[in-house]
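Heads up: the sequence shown is residues 1 to 1026, going by UniProt numbering. Below is one structure; the comments refer to it alone.
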Amino acid sequence: MGFSNSHLSIRLRMESMQHFTNVEIDIGHADLEPGDCFCKSGFAGKNCDSCDIGYKNYPRCEPCPCHSAGTIGSVCEGDCVCKIQNVEDWRVTDLKGTRVVKPLPENGNVVIANDDVSHFSTYYWLAPPDYLGKKLYSYGSDLKFTLSYVVARGDTSGTYTENADVVLEGNGQQIGYNWGIRPEFDEVAISVPLREQGWFLLTPREDGTNSVSREDFTLILNDLTKLLIRAKFHTDQIEGRLHNIGMEIAAKESKSLRKIGSVEKCVCPVGYAGLSCELCAPGYKSVTGPKIGHICERCDCYNHAESCDNPDGRCENCMHHTTGRKCDHCVRGYYGNATVGTPDDCKPCACPLENPENNFSPTCYAVQTSTGDSDYICNQCPEGYEGNKCERCADGYFGNPQVPGGYCQKCDCSGNADTSQRGWCDSLTGQCLKCLGNTAGWNCGECAPEHFGNAAQRYCEPCSCSPKGSLSSQCDLTTGQCICKPGVVGRTCNRCASGQPKTICPCRVVNQTICPCRKWLILTHLPFAESGQPKHLPLQSGQPKPSAPRVVNPKYLLPAEWLNPNHLPCREDGFGNLEAGCEPCVCNRVGSRSEICDPTTGHCNCKPGVFGTTCDSCLEGYYGFSQQGCRECRCDRLGSLSVQCDENTGQCACKPHVVGRTCDRCEDGYWNLQSGNGCEQCQCNRTGSTASICDKNTGQCTCKSGIGGRFCDQCQPGYFMFSPQGCRACDPCNKPGHICDPRNGRCVCPPYTTGNRCQKCVRNAWGYDRIRGCTPCDCNQKGSPQQNCDPSTGNCICLEGFEGRHCDQCRIGFYNFPNCHKCDCNLDGSVENHCRSNVCQCNDRGDCPCKELVTGQKCDRCVDGTFGLTRESKKGCYECFCFGKTRVCNQAPMYWTQVLLPSRDIFMEVGTTEIPSRLGFQVFPEELTAKRIGIPFVLDKPMYWSIPKEHLGDKVLSYNGYLNFNTESRGASKFPDKLLEQYPLLAIQGNHRIVLYHAGSPPESHSNHRIRLHEVNYPFYNFSVI
């Protein structure tokens, strides 16, 4: 006999009702007889011509599928029948599972004392998870177990209890089984068949039946949720014990020698699997759940997976760079439409190249171009990259990402670049292009040409070299000193040299050549002429010595006797007018205070009222040029034509009929200088006045006896009969309230008065005066219900829709006098300048003045394609937007609410905090945890707050709403208003690239702002008017 191994293990299994016994016999090294073959693993026999134990299918001799240790029956033939027989994890509970108690282990058994479960009337052994779940393949086998219990000793009155001995729960049902005999106190082995026969429903059906069908039983075994075995059998029981238990399960991998015959193996249709077709096959999913007649459908994975998970149909092991429950999305780093169903659905993102060192975005998404072609956009370009494919460097970065190995890096502009402007550094070379603070160079690291200072501190000032006084526009890079022409001084060479007289002018004659003095020569040893005005006289050699003073330019030749160094000092002061080449001052000795003029402008220092570069004339409004200067004209503002007077006499130019040197009074027969238009004629009545002259201030004429009035054109009260001789006195009029009639002298009541004392106005008159009488009311009959009026003001009582003192016009909001009808214009839809006090005026036909997008006679409707009639809109209504899909809309039924953001405080100090830039503006960093930031010593432009990212996104419902905020700035100084006017108060960006700016008013140290979110409030789009 041949053996394949030197060690042989034989396992024998003995079954009994009480317990299971495993016996293992080891045979040591077996000596082979002569002629025996040495067999390979799995083969046996003298000639190795048969399979060894545990192997099958000679001559292949494959291992049997079932493992002998856990198999009941054959290990090679048929489905494996497994056994489950552990007792350590069993627990104790009642039928409802109210409470679970752990029993005590003892010698391989588990024991439960009645005192530990005294609150249960009946209790059961509760199976652990190994015995639960899918146990469909145990159908037809037996549940075998051994148990015992102990009753209290002595004579007791206890009785046996009656309950279901075994309980199975699953598929929402509980079924029970009674084995029909009462167990004894001693250890007893029980076998319960796992078939529907003998089992009953614990809760009968509505028709009273409680039998269990095969369908009921298999559905419970397919998902067994609870297994209970009765542990209490007697009312006086003090202890229960579970010795062992085994459950048989059919399995292909078992090495049992016993073949199970109670489990079916069905021939399942396509898409179904399992011995009873209770499962869905790989690539299929269940759409109905476990039940009789359940339905399996093919997984929908778009040809990107070979299988899916049965419970929910999730595709497994997606291929072709897809992912998702249905493999319907491209994985990170790929783009396309995974639902087309081809291996090439998802393509790799190239951002901008596919090689890893040049693929800067981990994700992208597919888009369709305007021409209908397929394309993609990389949507996670890192900082410093931009473009649909991350193919170029963003503003402030340089490099070439489209070259293998190329990348973008930050531009270094020494902190001197204007980062608010796009293209502030070259995106390919990194050269700085928008240097600030008068800096220049590749990195803005030096002062610009014609500037000086320290570029590192952004302190470069213009040289400002005077083009007239300097030799070059460039100055010293450190001090800023310009290179001055001879005779010019100052850092910028902006003034003529000045100082004390030189000792001796080094002038001498050398063969009649030019005098070497570089300044003008003033012959100060000669007296000035009587006119006080120096003369410019070129002197030629051989001319006689003049008696008048001479100012000589060194370009002229002088006679030898005049060039004696002892007589001609060369003065450095007394020169000016840099633009003219530092000419002599030549200040007028009458009008100037000194002969020295300003070294830069050449202007002399003039006496009061004197004007001119050389102080040679009077200022406008002055006259009388003299040694004391000029006197002020003092022309009267009301009576003169201008402030200028005659330069010699001082006479002002007067308005009509105004006289005097300063034009300060009217000529005789004229008055009213205060009118500003000249004086007007007195117009005294020739009959009533004594002369044609009147008072020059009031215009009152001098009247004859009994005559009055400003023009003397009427009789005084108590007089009558106006004539060249004056007015005659009335006879005494002693009647109370009566006056003398100025026409005939009779004693009568004043006009429109009545009463025995003439003490009141007649009916329909008003404004009582004891001398002048009263005035008729004259109320309009259409506009007033009566002819009577207010006795003090004369105002008539108007009907509704009428106004005016006489009620002779339509009131605002009414039309068509004298039949005034109400306009009834809608205030929200009417033009504002036609409205007053919330009432609008219509035309004579009753048509109200509608805003641009409003219609209707009353201006109460929006025109087609608009919505939201409101007073806040200048056009009355808002045009429908609807993202261009339709022009029909109306007002949405919504209400305004507020989203409040927390306040922020930041203290700025000198430092180097990195200040981010957004939309070209310097922004306070969002991620700061501290409340302090370091900034350059001097800020060259304002800084902005940014709204937190979590409050951005879709804000369409905020259209026409308001953004309210307040800012407060505490500091010693602020930016000039002219600078602030160059920056918007608010900037918003949306739709990836559109930037809108709201100018607003320059903020104060503490400002409250309310900005409407409507296009009319944002007139600037990327700094161009919209």
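Each residue gets a CB set at the ideal place from its N, CA and C atoms; glycine is no exception. It should be emphasised that the depicted structure is a prediction, and the values quoted were computed from it without experimental measurement.
Given a cut-off of 8 Å, decide if TRP179 and ILE190 are closer than it, judged by their beta-carbon atoms. yes
Note down the Cα distance separating GLY783 from LEU799, rounded to an integer number of angstroms. 6 Å
Taking the runs of the beta strand (DSSP E) that are 3 residues or longer, which of them lie wholly in the segment 584-617? 592-597, 604-606
With DSSP as the reference, label CYS393 as helix, strand or coil. strand
Suppose the cutoff is 8 Å on Cβ atoms and the five residues either side in sequence are ignored; what does the same chain contact list for THR369 look like? So the qualifying residues of the chain are ASP375.
Output the boundary residues of the beta strand (DSSP E) element that contains THR775. 773-776
Three-state secondary structure (DSSP) at VAL510? Here the model assigns VAL510 a pLDDT of 35, short of 50, so the residue's position is not dependable, and the following value carries that caveat. Three-state DSSP puts VAL510 in coil, outside helix and strand.
So, for VAL1016: in the same chain, excluding its five sequence neighbours on each side, which residues have a beta-carbon less than 7 Å away from its beta-carbon? LYS874
If distances are taken between C-alpha atoms only, which option among PRO736, CYS703, ARG710 comes closest to CYS727? CYS703
Check GLY240 in the structure and name its three-state DSSP category. strand
Looking at LEU901 and PRO849, is the spacing between their C-beta atoms short of 8 Å? no
DSSP bridge partner residues for HIS1014 (one or two, in chain order): Answer is none; HIS1014 lacks a bridge partner.
Below 7 Å CB to CB, which residues in the same chain sit around CYS794 once its five sequence neighbours on both sides are set aside? One detail in the question is off: residue 794 reads as Gly in this sequence, not Cys. So the list reads TRP766, GLY767, THR775, CYS777, ARG805, once near-sequence residues are dropped.
Pick out whichever of PHE120, THR98, ARG99, TRP90 has its Cα sitting closest to the Cα of VAL110. TRP90
Exposure of TYR137, with buried meaning 16 or more beta-carbon neighbours within 10 Å: With at least 16 other beta carbons inside 10 angstroms of its own, TYR137 counts as buried.
Given that a residue counts as buried once 16 or more other Cβ atoms are within 10 Å of its Cβ, and exposed if not, what is ALA152? exposed
Can you say whether PHE883 is buried or exposed, counting buried as having 16 or more other CB atoms within 10 angstroms of its CB? exposed
Mind checking who LEU228 pairs with in its DSSP beta bridge? LEU126, VAL167
Have a look at the DSSP bridge pairing and note the partners of MET943. GLN922
Roughly how many whole angstroms lie between the Cα atoms of LEU980 and ASP824? 46 Å
What are the boundary residues of the alpha helix (DSSP H) that includes ILE220? Note, ILE220: alpha helix (DSSP H), 214-222.
What is the DSSP secondary structure of PHE883, reduced to helix, strand or coil? helix
Helix, strand or coil: how does DSSP classify ARG1007 here? For clarity, residue 1007 is Ser in the given sequence; the question names Arg instead. DSSP places SER1007 in strand when its eight states are reduced to three.
Simplified DSSP state of ASP115, which is helix, strand or coil: helix
Buried or exposed for ASN826, going by 16 or more other Cβ atoms inside 10 Å? buried
Helix, strand or coil: which one does DSSP assign to TYR895? coil
Taking 7 Å as the line, does the beta carbon of LEU202 fall inside it for any heavy atom of the ligand GDP? Among the components of this structure there are no ligands whatsoever, and the ligand GDP is therefore not found.
What does DSSP give as the partner residues of PHE120 in its beta bridges? For PHE120, which the question treats as bridged, DSSP gives no partner whatsoever.
Rounding to the nearest angstrom, what Cα-Cα distance links ARG518 and GLU583 in this structure? Its pLDDT being 34, under 50, ARG518 is placed unreliably in this model, and the coordinates cannot settle the point.
Inter-residue CB distance, ASN400 and LEU428 (contact presumed, cutoff 8 Å): 6 Å
Taking three-plus beta-carbon pairs below 8 Å as touching, is the segment 429-439 in contact with the segment 409-416? yes
Mind checking which residues open and close the beta strand (DSSP E) that includes VAL150? 142-151
Please confirm whether GLU909 and GLY934 have their CB atoms less than 8 Å apart. yes
Nonlocal neighbours in the same chain, by C-beta distance under 7 Å from ASP847, ignoring five residues either side: Closer than 7 Å at the Cβ level, and outside the excluded window around ASP847, lie GLN857.
Residues bridged to GLU461 (per DSSP): PHE452
I'd like to check one pair, CYS51 with PHE38: are the Cβ atoms closer than 8 Å? no
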